[in-house]
Every structure is written in structure tokens, then in C-alpha cells.
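Read in order, the letters of the sequence shown are residues 176 to 546 in the working numbering.
The C-beta atom is built at its ideal place from N, Cα and C for all residues, glycine as well.
Keep in mind the model is a prediction, meaning the values are calculated, not measured.
Just below is one structure, and these are the notes that go with it.
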Amino acid sequence: MAHFPERRSLSRRLKPYFTVFDPALSLILFLLLCTGLVTLSSAGHDFPGRLEGQIRNIIAAFVFMWAAAIVPPQTLLRLAVPIYTFGVALLLAVATVGIIKKGARRWLHVGVDIQPSEIMKIATPLMLAWYFQTRAGILNWKSFAVAALLLLIPFGLIAKQPDLGTALLVGGSGFFVIFLAGLSWKALGALFAAGCAGLPVAWSMMHDYQRERVMTLIDPTSDPLGKGFHIIQSTIAIGSGGVTGKGYMKGTQAYLEFIPERTTDFIFSVYSEEFGLVGNLVLLFLYLLLIGRAMMIAANAPNLFTRLLGGSVAMMFFVYAFVNMGMVSGILPVVGVPLPFMSYGGTALITLGLCSGILMSIQRHRKLVQT
């Protein structure tokens, strides 16, 4: 009697594509996105369509996250070199034929205007994780020197555009891969000393507006109605929130339009004014949960490539949150870094969605290996 293979139902065939999400990480992201939408509805009260636009951005980010979660880490390993090479080629194209907007050459027109530097936020740690995976067991100082060169190429091209905020994010994500790969504390100390010694050179290479941002950080009251206005109004909003905040949609700094870029880079000021210290502690706790879950996934990853990549993504979340809150609070220069999963914007949200999807892919692959 002939036996025919059992035909699986459509739901069973589709199930693997919808069980790729890590429950804990998904819950944390959901809470952060809901918090962001609530804050944005208040901050963008006089920006018609801003809330609806962010919902569309979240849907797009979800699609990218889902796609990244489906792709196995082995495929990412094979794609690391092509993606990095393609990204660097685009950065070189930007440097030669890129579009200049507001004094910066950051965009490339390919039917639509794209910003290739965003690709390098993922391509750089991906490339470095691939490199250390291929050098596993034979790491020496030359290995770290080559890794540093691979990092400096996109960092230098992005900083030259100039786009210091994105350059710092790319540099940070790549540096964490190098550090997690086993960079010694002695080497780290030497790099810190060299960085301090090179500060005068770095200062001389900065653009005038970048120097002004640093000086404004030191003393924003030197130009309270000009370059220091943003920081002064932002810190006033944060401080006026007190312990429990003024209440939802009751922030005077936001509604009187004193807070600049209040739906994007400075959305934390609006949140702080309305929800106060208690709300800030809740938000910080959510970010700690996000970073902690990402680090847990990285620590349990099955090989060096996925451990380095997962650890870099976790620290990328940290850098995003720390730099944004620091610049809005007046302890870091303003560099145009959004608050992750809170600030309005499609490009950054898609990048963060891809990073979250990579973490879910790593976690899913570990479970498949165990079973």
C-alpha cells in the first residue's frame, strides 16, 4: 500500500515565520513604543499627522524586525562582507557626488534621497563580528589593528560629511565589538591616553558649529537667546517636572513651544516635564530591561560571531539612550541622536527594528541548536 507524505496545514507551515519573536524582548519594545506614542501625541499636538506618521514608521520597523528575525545568523555571517563593502562604497559616493543639505553632504539621490551612513550602524559591527569569527583562536595585536582600521574607515567618512552624531553611534557600535572580542585593559588605557593627548588636534579639526556646541555645553547662558536657547529651555522643562510631573498634556514648555525639536531629539524633555522624576525612573527601568535582555541573548549565543553581534546591539541601545538623555539634560553636547523607540522618525526606528530583529534571530537560532 502506497504511503503519501502527510500534508501540513497552512497554519503549521506558516507557524515558523510567526514564532520568531522573543516574548520578553517584544514586551519591552511594546512598552517603550506605547510610551513614545503617548508622549508624541502630546509633544506633537500642533504637528498634524505626526502621530499617524509615527504609527506608519512603527509598522515599517516591525516588518524589518520580522524580516531580520527570520534570517538565520549563518546568513548574516555570509552577508557581512558584502553589506559592509556596499555601505563603504555608498559613503565614498556621498563624498564625491552626494547631495548637500544645510551645509552637510550626507545624502545620495537614487530616485529618492537616502542616507548611507544609517547602513553602517549595522554593517560595521556585522563586519567586525565576522572578522573576529574568522580569527577565532589566533587573535593578536595585528588582529585588533586591522579591526580598528575597519572601524575607522566608515567613522572617518561619516565624520567628514559632517555627521558627528551618526559617526559616534557607528564608532561606538564597532568599538564595543572590538572590546568584547578581548581588547585588553592596558590597550584600552593606552587608547584613552592617546585620545586625551589628541584632543587639541581634534578641536582644530572640528567645524565652527561643532566647537560652538561644546562651548554652549560649558556655558549655555553665554548666548541664552541663541545657541544656548535649546539647552536652557530643555533643562527648564526637565526640572519643572518635579517628582511626579505636571501631568499628561500639561507641560507648559512644550505647549508654549519653548522646547525645540520636541517630537524628535528633545522628546525626553516633554516626557520629563509631564511625568517627572517618577516617569523618568520608569523609562530608565525599561531601557535597563531592554539592554539587560539584549545582553542575556548575547551571553547565551552559540558562537563568537553571534555573541559579539548581540553584545554590540545591546550597547548600541545604551549609547542611543545615554547620549540622547545626556545632551537633553545638558551634560553632553547636542549631536542629533534620537531617543530609541521614543523619538519621531522612520530611519532611526527602522535601524532599531533591524537590530531588535537580529537579537531575536540569535535567540531563535540558539533554541534551534539546543533542540
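Which ranges does the alpha helix (DSSP H) cover as unbroken runs of at least 4 residues, wholly within the stretch 300–378, from first to last along the chain?
316–334, 339–355 and 360–372
Go through its chain and collect everything with a Cβ distance to L326's Cβ below 6 Å, but skip five positions before and after it.
G349
Per-residue burial, S359 [other beta carbons within 10 Å of its own, 16 or more giving buried]
exposed
Against chain B, with Cβ distances strictly below 8 Å, would A362 count as a contact?
Absence of chain B from the displayed structure is noted, only one protein chain being present.
For I274, the first and last residue of its enclosing beta strand (DSSP E)
I274 to K276
Just the C-alpha distance for R541 and V510, rounded to the nearest angstrom, thanks.
One alpha carbon belongs to R541, the other to V510, and they sit about 37 Å apart.
Check I437 in the structure and name its three-state DSSP category.
A small fix is needed here, since residue 437 is Arg in this sequence, not Ile. Coil.
How about the stretch 473–486 and the stretch 247–261: do they share at least three Cβ pairs that are nearer than 8 Å?
Touching, yes, given that three or more Cβ pairs across the two stretches are closer than 8 Å.
Within this structure, are the beta carbons of G219 and F351 separated by less than 8 Å?
no
My output table needs one value for L514: the three-state DSSP class, helix, strand or coil.
Three-state result, L514: coil.
Run through DSSP, which three-state label would A255 get?
helix
Using DSSP with H/G/I as helix, E/B as strand and the rest coil, what is L507?
The answer is coil: DSSP assigns L507 none of H, G, I, E or B.
Assign A429 to one of two classes, buried (16 or more other C-beta atoms within 10 Å of its C-beta) or exposed (fewer than that).
buried
Is the number of C-beta pairs between the stretch 500–518 and the stretch 366–373 that are closer than 8 Å three or more?
no
F179 in three-state terms, based on DSSP:
With a pLDDT of 49 at F179, under the threshold of 50, the modelled position of this residue cannot be trusted; read the value that follows with caution. In the structure shown, F179 sits in coil (DSSP, three-state: anything other than H, G, I, E or B).
Reduced DSSP secondary structure (H/G/I, E/B, other) of A279
strand
Any idea if Q249 is buried or exposed, counting beta-carbon neighbours within 10 angstroms, 16 or more meaning buried?
Here Q249 is exposed, its C-beta having fewer than 16 other C-beta atoms within 10 Å.
I393 versus I472, I406 and G346, residue with shortest Cα-Cα distance:
I406
Exposed or buried, L431, counting other C-beta atoms within 10 Å across all chains shown (16 or more means buried)?
exposed
Less than 8 Å between the CB atoms is what I'm expecting for I353 and F319, so what's the real figure, rounded?
6 Å
Rounded straight-line distance, which links the Cα of G528 to that of S120
Any property of residue 120 remains undetermined from this structure, which presents the chain solely from 176 to 546.
At least three beta-carbon pairs within less than 8 Å, the stretch 201–210 to the stretch 454–473
yes
Measure the beta-carbon distance from G451 to G416 and round it to whole angstroms, keeping in mind my assumption that it falls under 8 Å.
The C-beta separation of G451 from G416 comes to about 4 Å, placing the pair in contact by the 8 Å criterion.
Work out the CA separation of A242 and M302 for me, nearest whole Å.
Annotation: M302 to A242 spans about 20 Å, alpha carbon to alpha carbon.
Reducing DSSP to helix, strand and coil, say where H220 ends up.
coil
Per DSSP, which one or two residues make a beta bridge with I393?
Per DSSP, none; premise fails for I393.
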